[in-house]
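Going by UniProt numbering, the sequence shown opens with residue 1, and the numbers climb by one from there.
C-beta atoms are modelled at their ideal positions from N, C-alpha and C, and glycine is treated no differently.
Here the structure comes first, spelled out in structure tokens, and everything after it is commentary.
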Amino acid sequence: MADDLVNSFMNGPDEQGRFGIYGGRFVSETLMPLILKLEAEYERAKTDPGFWAEMNDLWTHYVGRPSPMYHAERLSERLGGARIYMKRDELNHTGAHKINNVLGQILLARRMGKTRIIAETGAGQHGVATATVCARFGLQCVVYMGKTDVERQAPNVFRMRLLGAEVIPVTSGRGTLKDAMNDALRDWVTNVRDTFYCIGTVAGPHPYPAMVRDFQSIIGKEAREQILQREGRLPDTIIAAIGGGSNAMGLFFPFLDDASVRIIGVEAGGKGVDDRMEHCASLTGGRAGVLHGNRTYLLQDENGQILEGHSISAGLDYPGIGPEHAWLKDQQRAEYVSITDTEALEAFQLCCETEGIIPALEPSHALAHVMKIAPDLPADHLIVMNMCGRGDKDIFTVAKHLGVDIQT
Ligand SMILES: *Cc1c(COP(=O)(O)O)cnc(C)c1O
């Protein structure tokens, strides 16, 4: 095998699901057979052209792929430096990248003969995407959602119910995303025969982080082709926002072996990355530990208790991060930075005003970092940022922060 293939950043994970010292499968003995079965099925599907033909058909006609590669001309001009492109994944059906992955997992579930789909959700975006695809295929859908989140995210709870899903409020722990994921894992063990667990980000035990990354890689594959077509060369910098890390891994993965491409992941800095821990920056402000079946960077206190963190963007407040990101950070292949609530809000407004695009608060974090670096870069420097979600869902949060009352 050629040396460059051995050293490829795109070779991971190993057969234990490890990216360096991260990842793996730290699960109970009862869960292990399920995980192994899933892995075997995924390995089969991965090399089956029939599987990808079905995916492509749905991506094209149901999701609306490929998403455009858009030159943000006025934003580039306003910042006065680099040439900025946006990968428009907010134009997907359901308004974000989540459906790319959900489709893949549900097609896999169908191949495995599973009729009941379970999922965890925090802000509700993954729950909505899962409920959507379950409706499309007439599958039973059960979504675990922390009780606190059920109260905070009423519109998404209603959407899931309209789509025929059962939403189960989780009261264990602190009643948020972390606890919803624990309950979903428990459900899976008890209902092995007919149930498939659809995870919403590059987290969980192996093979989930690699599988979700593979499904989301459609973002980076398209981006690579599109920018080559538009500009005749690769981008100089690619940037994406990180909650669990799936849209970022999806954009990054096809570029990992292109040494000339600078890769930047943007975490939610909340009220600032310091000891108050009012942020969700697992990589820039957390420590390594084990959660949800894998080893990665986590928000935790000095006793190893998982902390909830804070972000203006509900979609970014997962206390961990995909293990592959932890590894890419240690390998220094990707850089990780954080952006505060205030900076994200400013970017949100600038995007609305200069491009006529209302972004979700999550990609507003990526955009805020673009605002920081673009002015100092030359005019021929190409930046591609992932516009991973649209902002319709966030207007109430933004209004509140701007001191505007829009509740009727
Ligand atoms: C869920 C979500 C995220 C965070 O999840 P990742 O796995 O980090 O991509 C980011 N942006 C949007 C729009 C989301 O819905």
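6 Å Cβ shell around residue i - same chain, five flanking residues per side excluded
i: glycine 124; result: Gln153 and Asn156
i: glycine 17; result: Gly23, Gly24, Arg25 and His206
i: glycine 200; result: His126
i: phenylalanine 215; result: Asn100, Asn101 and Gly104
i: isoleucine 218; result: Asn100
i: aspartate 14; result: none
i: proline 66; result: Glu222
i: histidine 97; result: Asp89, Asn247 and Cys388
i: valine 142; result: Ile118 and Glu166
i: glycine 12; result: Phe19
i: tyrosine 39; result: As written in the sequence, residue 39 is glutamate, which differs from the tyrosine given in the question. Here the set comprises Pro207.
i: leucine 234; result: Asp258 and Val261
i: glycine 243; result: Gly315, Leu316 and Tyr318
i: glycine 403; result: none
i: isoleucine 357; result: Cys351
Cβ-Cβ distance between residue i and residue j below 9 Å
i: alanine 241; j: cysteine 388; result: yes
i: proline 319; j: lysine 178; result: yes
i: proline 359; j: alanine 347; result: yes
i: tryptophan 188; j: leucine 291; result: no
i: isoleucine 117; j: glutamine 140; result: yes
i: valine 266; j: serine 311; result: no
i: glycine 138; j: histidine 93; result: no
i: aspartate 236; j: valine 261; result: yes
i: glycine 391; j: valine 398; result: yes
i: leucine 108; j: phenylalanine 196; result: yes
i: alanine 82; j: proline 363; result: no
i: residue 420; j: histidine 61; result: In the structure as shown, the chain starts at 1 and stops at 408, and residue 420 therefore has no counterpart that could be examined.
i: glycine 270; j: leucine 251; result: no
i: arginine 213; j: methionine 249; result: yes
i: residue 411; j: alanine 344; result: This structure cannot settle anything about residue 411, because the visible part of the chain is limited to 1 through 408.
i: threonine 176; j: glycine 122; result: yes
i: arginine 295; j: isoleucine 21; result: yes
Residue i (DSSP reduced to helix, strand or coil)
i: threonine 115; result: coil
i: histidine 369; result: helix
i: serine 338; result: strand
i: histidine 71; result: strand
i: glutamine 105; result: helix
i: phenylalanine 19; result: strand
i: asparagine 294; result: strand
i: leucine 382; result: strand
i: arginine 390; result: strand
i: glutamine 349; result: helix
i: valine 157; result: helix
i: methionine 86; result: strand
i: glutamine 300; result: strand
i: tyrosine 144; result: strand
i: glutamate 120; result: strand
i: phenylalanine 306; result: Rather than phenylalanine, the amino acid found at residue 306 in this sequence is isoleucine. Isoleucine 306 falls in the strand class under three-state DSSP.
i: isoleucine 168; result: strand
i: alanine 129; result: helix
i: alanine 344; result: helix
i: alanine 399; result: helix
i: proline 33; result: helix
i: alanine 96; result: strand
i: glycine 289; result: strand
i: proline 359; result: strand
i: phenylalanine 9; result: coil
i: phenylalanine 26; result: coil
i: serine 282; result: helix
i: aspartate 376; result: helix
i: proline 319; result: coil
i: aspartate 149; result: helix
Cβ shell of residue i (< 7 Å), same chain only, five flanking positions each side left out
i: methionine 69; result: Tyr85, Lys87, Ala223, Gln226, Ile227 and Arg230
i: phenylalanine 9; result: Leu256, Asp257 and Arg333
i: proline 169; result: Met145, Lys147 and Val150
i: glutamate 355; result: Ala72, Arg74 and Leu75
i: methionine 211; result: Tyr42
i: aspartate 394; result: Ala360 and Leu361
Contact set for residue i: own chain, Cβ-Cβ below 8 Å, skip 5 residues either direction
i: arginine 159; result: Gly124, Val128 and Ala131
i: phenylalanine 396; result: Ile406 and Gln407
i: methionine 1; result: With a pLDDT of 41 at methionine 1, under the threshold of 50, the modelled position of that residue is not reliable, and no figure is offered here.
i: threonine 115; result: Leu139, Gln140 and Asp194
i: aspartate 48; result: none
i: histidine 401; result: Ile312, Asp341 and Leu345
Residue i Cβ short of 8 Å to ligand 2 heavy atom set
i: asparagine 303; result: The model on display carries ligand 1 but not ligand 2.
For the stretch 209-279, list the beta strand (DSSP E) runs that are entirely contained and at least 3 residues long, ordered along the chain. 237-242 and 262-270
Could you pull out every unbroken beta strand (DSSP E) segment of at least 3 residues lying fully inside the stretch 173-209, listed in chain order? 195-198
What beta strand (DSSP E) runs, 3 residues minimum, are completely inside the stretch 37-72? 69-71
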